[in-house]
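Number of protein chains: 2
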Amino acid sequence: MSEEFYVTPWEVRGKVDYRKLLEKFGAKELDVDVVNRLGSMAGEVHYLIRRGFFYAHRDFDKILEVAGRGLPWALYTGRGPSGPVHIGHLVPWILAKWFVDRFGVELFFQMTDDEKFLDDEEATLKETNGYAYENSLDLIALGFPQDKLHIIIDTEDIGVLYKIALKVAKKLTWSAVRATFGFSDSTNTGLIFFPSLQIAVAFLPTELRGETVHVLIPAAIDQDPYFRLARDIAETLGYPKPATLYSRFISSLRGESKMSASVAESAIYTTDDERSIRVKIMNAFTGGQPTAELQRKFGGNPDICPVYEYHKLFDPNDKNIGEIYENCRGGHILCGECKALLFDKIKSFLKIHVEAREKARDKIHMYRLSAKLR
Amino acid sequence: MSEEFYVTPWEVRGKVDYRKLLEKFGAKELDVDVVNRLGSMAGEVHYLIRRGFFYAHRDFDKILEVAGRGLPWALYTGRGPSGPVHIGHLVPWILAKWFVDRFGVELFFQMTDDEKFLDDEEATLKETNGYAYENSLDLIALGFPQDKLHIIIDTEDIGVLYKIALKVAKKLTWSAVRATFGFSDSTNTGLIFFPSLQIAVAFLPTELRGETVHVLIPAAIDQDPYFRLARDIAETLGYPKPATLYSRFISSLRGESKMSASVAESAIYTTDDERSIRVKIMNAFTGGQPTAELQRKFGGNPDICPVYEYHKLFDPNDKNIGEIYENCRGGHILCGECKALLFDKIKSFLKIHVEAREKARDKIHMYRLSAKLR
Chain A
11 MSEEFYVTPW EVRGKVDYRK LLEKFGAKEL DVDVVNRLGS MAGEVHYLIR RGFFYAHRDF
71 DKILEVAGRG LPWALYTGRG PSGPVHIGHL VPWILAKWFV DRFGVELFFQ MTDDEKFLDD
131 EEATLKETNG YAYENSLDLI ALGFPQDKLH IIIDTEDIGV LYKIALKVAK KLTWSAVRAT
191 FGFSDSTNTG LIFFPSLQIA VAFLPTELRG ETVHVLIPAA IDQDPYFRLA RDIAETLGYP
251 KPATLYSRFI SSLRGESKMS ASVAESAIYT TDDERSIRVK IMNAFTGGQP TAELQRKFGG
311 NPDICPVYEY HKLFDPNDKN IGEIYENCRG GHILCGECKA LLFDKIKSFL KIHVEAREKA
371 RDKIHMYRLS AKLR
Chain B
11 MSEEFYVTPW EVRGKVDYRK LLEKFGAKEL DVDVVNRLGS MAGEVHYLIR RGFFYAHRDF
71 DKILEVAGRG LPWALYTGRG PSGPVHIGHL VPWILAKWFV DRFGVELFFQ MTDDEKFLDD
131 EEATLKETNG YAYENSLDLI ALGFPQDKLH IIIDTEDIGV LYKIALKVAK KLTWSAVRAT
191 FGFSDSTNTG LIFFPSLQIA VAFLPTELRG ETVHVLIPAA IDQDPYFRLA RDIAETLGYP
251 KPATLYSRFI SSLRGESKMS ASVAESAIYT TDDERSIRVK IMNAFTGGQP TAELQRKFGG
311 NPDICPVYEY HKLFDPNDKN IGEIYENCRG GHILCGECKA LLFDKIKSFL KIHVEAREKA
371 RDKIHMYRLS AKLR
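Taken in order, these protein sequences are the chains called A and B. Count along the first sequence from 1, add 10, and you get the number used in our numbering. Count along the second sequence from 1, add 10, and you get the number used in our numbering.
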């Protein structure tokens, strides 16, 4: 990995060079052909792909081929429930929802409350399991049909995954996971086993259906090590290689490469009150000039600005986005005005979201895979 | 470890020096005081303890103290279902049954079909899981009351153990399990996690009862590494340190230190037919002289003789055992006669056992812990 940045599933440091990261990992950039093919099949290209937020993949073109031939496929993604959900977490879920709606496929969603317990010295199982439930509310709130979203909470639903995970674990040696994840002598044996559980879900749809079900995994690029290993062993275990669709990280409001759920000011939580959200947005780092006068004279730099990035993530309207970009570049809008616009968008989004989230509270069990299999 | 013998949970090589092994592991030999105390509490000392087959322990005296004070305690032992059960496997289960009867305690019994799958390149989950069921028949056949025997089949009952295992795994680093079990770079990540599952059962009674339940583990001495680790971490996790009672290995009929389930001639399976049992016993290695004439003149050596050992394991009558010993030493009995005596004993034992085993076939679910917890 380059010395300027460092990316693992547990840590992102420095200014990420997404091209270099792809080279390092060996995944492919999304090209025009595959994006156009998606557009012609789905009737549109989702704005998160169109705007390059999802920018790379492994075999996404094969999934489109599978879909075109009417063969079964499913989506898989997940979340490490280490705290409340921030709006950045919702972004890939929004794309997953789009795939569910456009292609009628099912989404298997893994809450890794085991991993988050194992990874944090201070965490208790009660806490991470509690967050698994709380975070499920945010997922359900996005409007998934009950029969299309299957939530797996690792510590409670291990029975669904364990036999598959054993087959995976038998193929993964210590030296393989050490090399892939940078494990050391002091890594605990729970974390050493965990990759097999994250990989197991990629093979679960095939086990459940009793026939080959291809799987597409939309995820942030830091999750690639898991799925690289999954692809290495899939076929020897009789499963199709999972395909992936990778996003960039969402910048923190303070300008770092990745939002951190553990630094409260760097992210907007879905459970934040309006006042906190306003304060966080108003205090955000921007690509603007130090003074209003300089901004009007030289314009700002939206390409490095998290406020602009958030506009792109939460406003599907390309015209709005284009205007903000040009107005910033041309100095026609000040950062304060731009932040106020963003605040209104996030506020509207969260108003609907929070209502839906509360309504989901009594319905979580309806989305649990284990309950459906009983 | 001495160069003459080598003992791990997966392999026993060479002529085992049981004293040296204790020193190496750091467990204690059973002394007269603790054996007498057991006798006064139980009304007798079981012949497997009296004859030194169970010869060592960790904190067995504390279990007697707990029992004496009327505090809750339970038994835990298990089996790696890698094949059919041979009569050697029954020996510690016979002792466990005695504890259940004499002290009214419950036995938690773990079938590690996961470990046996992970440990053997050729094994399939279907095979090891099938043996878990088959081996359960042999266990139930010994006559455990349904409310005192709780069988856990790892691959199916993982949900009962997983949260406890996670707490254990978080405390066990790679360097700890590598040092304890001799793991290497090529050890698979399933086996690396597995010790946490074997340890978890030691803490399960306390979790289930919601109060401190002490645990006594009767097991072969090669299992000590697991329980040493369990004892190291028990108290930081809020559980009592498990106590252990260790047996020697049962010699193979060919004279090696340990019977092997994978060498058919070395062991008598509970499912063997009478003819095979006769052939195996008649072909057994003995401590006798090369000819009848020399045997009558010099006598045999029962102390190195597996046939004599099997008499001791399956005949509770001390007078019989004493006579065999003296008659062998004095040259009054030939190996063929002694083998015929043993064959009769094993035949009688297995006649009852096999009947009970078949009757157990429809009742396994009644003994499954997961079914009881549902």
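All C-beta atoms in this analysis are idealised placements derived from N, C-alpha and C, irrespective of residue type, glycine included.
Suppose you measure from the CA of residue i to the CA of residue j; what does that come to, to the nearest Å?
i, j, result
"B:A253", "B:K177", "20 Å"
"B:Q305", "B:C338", "8 Å"
"B:I343", "A:L247", "58 Å"
"A:G192", "A:K25", "20 Å"
"A:R384", "A:E144", "23 Å"
"A:D41", "A:L48", "11 Å"
"B:P326", "B:M292", "22 Å"
"B:A381", "B:D167", "9 Å"
"B:G114", "B:G80", "11 Å"
"A:W108", "A:R367", "19 Å"
"B:V110", "B:G78", "15 Å"
"A:G200", "A:D164", "13 Å"
"A:E275", "B:T216", "42 Å"
"B:P205", "B:W20", "13 Å"
"A:R241", "A:C315", "36 Å"
"A:D313", "A:H321", "12 Å"
"B:D124", "B:S92", "10 Å"
"B:M11", "B:K34", "With a pLDDT of only 43 at B:M11, under 50, the local geometry of the prediction cannot be trusted, and the value read off the model is given with reservation. Straight-line Cα distance between these residues: approximately 7 Å."
"B:R371", "B:L147", "6 Å"
"B:L323", "B:K268", "14 Å"
"A:K158", "A:F213", "17 Å"
"A:A294", "A:Y249", "45 Å"
"B:W103", "B:I150", "10 Å"
"B:K307", "B:W83", "53 Å"
"A:I260", "A:Y377", "27 Å"
"B:A66", "B:S194", "29 Å"
Quick one: is residue i buried, meaning 16 or more other Cβ sit within 10 Å of its Cβ, or exposed?
i, result
"A:F154", "buried"
"B:P300", "exposed"
"A:E116", "buried"
"A:I362", "exposed"
"B:A302", "exposed"
"B:Q156", "exposed"
"B:H375", "exposed"
"A:Y256", "buried"
"A:F237", "buried"
"B:A189", "exposed"
"A:G298", "buried"
"A:G309", "buried"
"B:K369", "exposed"
"B:G98", "buried"
Tell me the residue span of the alpha helix (DSSP H) that contains residue i.
i, result
"A:H99", "97 to 113"
"B:L360", "345 to 370"
"B:P316", "316 to 324"
"B:P215", "199 to 219"
"B:I227", "Per DSSP, B:I227 belongs to no alpha helix (DSSP H); it is in the beta strand (DSSP E), 224 to 230."
"A:T190", "184 to 191"
"A:F15", "Unbroken run through A:F15 is the beta strand (DSSP E), 15 to 18; no alpha helix (DSSP H)."
"B:Y335", "328 to 339"
"A:A244", "234 to 244"
"A:S286", "284 to 292"
On the DSSP letters alone, give me the boundaries of the beta strand (DSSP E) that residue i sits inside.
i, result
"A:Q299", "From DSSP, A:Q299 is part of no beta strand (DSSP E); its letter is neither H nor E."
"A:H67", "64 to 68"
"A:S380", "Premise fails: A:S380 lies in the alpha helix (DSSP H), 379 to 383, not in any beta strand (DSSP E)."
"A:R23", "21 to 24"
"B:L117", "117 to 121"
"B:L255", "253 to 257"
Inset, instruction - Assess, as a yes-or-no matter, whether the segment 167 to 176 of chain B is touched by the segment 202 to 221 of chain B under the definition of 3 or more beta carbon pairs within less than 8 Å. - result: The segment 202 to 221 of chain B, when compared against the segment 167 to 176 of chain B, does touch it at the 8 Å Cβ threshold.
Inset, instruction - Output the residue ranges of the beta strand (DSSP E) runs that lie fully inside the segment 151 to 182 of chain A and measure 3 residues or longer, sorted by chain position. - result: 159 to 163
Legend entry - the segment 126 to 142 of chain A contacting the segment 183 to 192 of chain A, beta-carbon criterion three pairs below 8 Å: no
Legend entry - Cβ pair count under 8 Å reaching 3, the segment 26 to 45 of chain A against the segment 225 to 234 of chain A: yes
Inset, instruction - Inspect the CB distances between the segment 48 to 57 of chain B and the segment 82 to 98 of chain B and report whether three or more fall short of 8 Å. - result: No: fewer than three Cβ pairs fall under 8 Å.
Inset, instruction - Tell me, please, whether the segment 118 to 134 of chain B touches the segment 64 to 77 of chain B by the rule of three or more beta-carbon pairs shorter than 8 Å. - result: no
Legend entry - Entirely enclosed alpha helix (DSSP H) segments - the segment 27 to 96 of chain A, minimum 4 residues: 28 to 35, 42 to 52, 57 to 60, 70 to 78
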